[in-house]
Amino acid sequence: MKIACAVLVSLACVLGAVSSFATEIGILRSCSFGAFVTDSDPAGLNVRAGPDVSSPIVGKLPPPALSDDDPPIHAFVEVEVVAAQNGWFRIRNARDNALLAPPGRKVFNGAGWVSGRHLSVKSQAPVGRDVASAKGRPVRAAVDFDSDSFVRSARLHDCVGQWAFVSSVEHRFSGWLNRICATQETSCDGV
156 MKIACAVLVS LACVLGAVSS FATEIGILRS CSFGAFVTDS DPAGLNVRAG
206 PDVSSPIVGK LPPPALSDDD PPIHAFVEVE VVAAQNGWFR IRNARDNALL
256 APPGRKVFNG AGWVSGRHLS VKSQAPVGRD VASAKGRPVR AAVDFDSDSF
306 VRSARLHDCV GQWAFVSSVE HRFSGWLNRI CATQETSCDG V
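Under the numbering used here, the first residue of the sequence shown carries the number 156, and numbering increases by one thereafter.
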């Protein structure tokens with residue numbers, strides 16, 4: 156049985172169906188990148204013990220806030236994403252955005268699960284891909300994946316390694332992004 160599953164997973168990867176296949180059968184996938192909490196609920200985003208709404212709440216993350224800058228910037232809590240399963244993401248090491256004046260807000264910084272509907276990323280990739288590979292077919296170039304408007308509108312659906320599957324209705328985009336940058340106020344490559 157284990158060999159049959161390994162062959163099936165390998166075949167799905169070769170066919171480029173890794174995201175939908177993994178989501179359909181609930182495979183836990185390892186990931187490694189930073190993301191932003193976009194949930195605007197004033198009560199905060201529930202962080203759960205498991206990847207579903209019935210799991211106990213272990214903490215909360217505050218909603219985006221406006222910085223004191225002129226003009227103000229939407230400042231998001233930043234988290235590390237380490238795994239994904241069924242549209243849920245295991246996060247850890249949450250921290251409030253450095254753009255907000257002290258004192259900082261109370262932020263749960265343990266590990267737990269949140270829905271991808273409330274997470275977003277920014278990327279310095281020039282183009283999205285149809286699969287999680289630099290060899291994947293380009294999809295929807297000319298989108299600024301590094302912009303504040305993309306971060307506010309994009310939603311996280313899946314991930315593998317340092318790739319994130321993201322959609323944004325506003326930017327008419329759905330695809331895999333790499334070169335994820337978890338620093339909101341600047342670019343990660345210094346440009």
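From the three backbone atoms N, C-alpha and C, an ideal C-beta is built for every residue, glycine too.
Every value quoted in this text rests on a predicted model; they were computed, and no experiment measured them.
| query | Which partner residues of residue 233 appear in the DSSP bridge assignment? | reply | Stepping through the sequence shown from its first residue, residue 233 is reached at position 78. 191, 250.
| Around the Cβ of residue 212, are there at least 16 other Cβ atoms within 10 angstroms (buried) or fewer (exposed)? | Position 57 of the sequence shown, counting from 1, holds the residue named residue 212. By the neighbour-count criterion, in which 16 or more other beta carbons inside 10 Å mark a residue as buried, residue 212 falls on the exposed side.
| request: Taking residue 300 as part of the beta strand (DSSP E), name the residues at either end of that continuous run. | output: On the sequence shown, residue 300 is found 145 positions in, with the first residue counted as 1. For residue 300, no beta strand (DSSP E) run applies, since DSSP gives it neither H nor E.
| Given that a residue counts as buried once 16 or more other Cβ atoms are within 10 Å of its Cβ, and exposed if not, what is residue 203? | Position 48 of the sequence shown, counted from the start, is the residue given in the question as residue 203. The C-beta of residue 203 has 16 or more other C-beta atoms within 10 Å across all chains shown, which makes the residue buried.
| request: Work out the CA separation of residue 288 and residue 185 for me, nearest whole Å. | output: In the sequence shown, the residue the question calls residue 185 occupies position 30. In the sequence shown, the residue the question calls residue 288 occupies position 133. Rounded to the nearest angstrom, the two C-alpha atoms are 15 angstroms apart.
| Thinking just about the alpha-carbon of each residue, which of 337, 315, 208 is nearest to the one in residue 301? | Taking the sequence shown and counting its residues from 1, one reaches residue 301 at position 146. Residue 337 is the option with its Cα nearest to residue 301.
| query | From residue 330 to residue 226, what does the alpha carbon distance come to, in whole angstroms? | reply | If you number the sequence shown from 1, residue 330 lands on position 175. If you number the sequence shown from 1, residue 226 lands on position 71. For the pair residue 330 and residue 226, the Cα-to-Cα distance works out to about 31 angstroms.
| query | In terms of residues, what are the limits of the beta strand (DSSP E) holding residue 312? | reply | Here residue 312 refers to the residue found at position 157 of the sequence shown. According to the DSSP assignment, residue 312 belongs to the beta strand (DSSP E) that extends over 310–315.
| query | Closest by CA to residue 274, which one among 282, 235, 290? | reply | Taking the sequence shown and counting its residues from 1, one reaches residue 274 at position 119. The shortest Cα separation from residue 274 among 282, 235, 290 belongs to 235.
| said: Here's the rule: buried if 16 or more other CB atoms are within 10 angstroms of the residue's CB, otherwise exposed. What is residue 277? | reply: The residue you call residue 277 lines up with position 122 of the sequence shown. Per the 10 Å Cβ criterion, buried.
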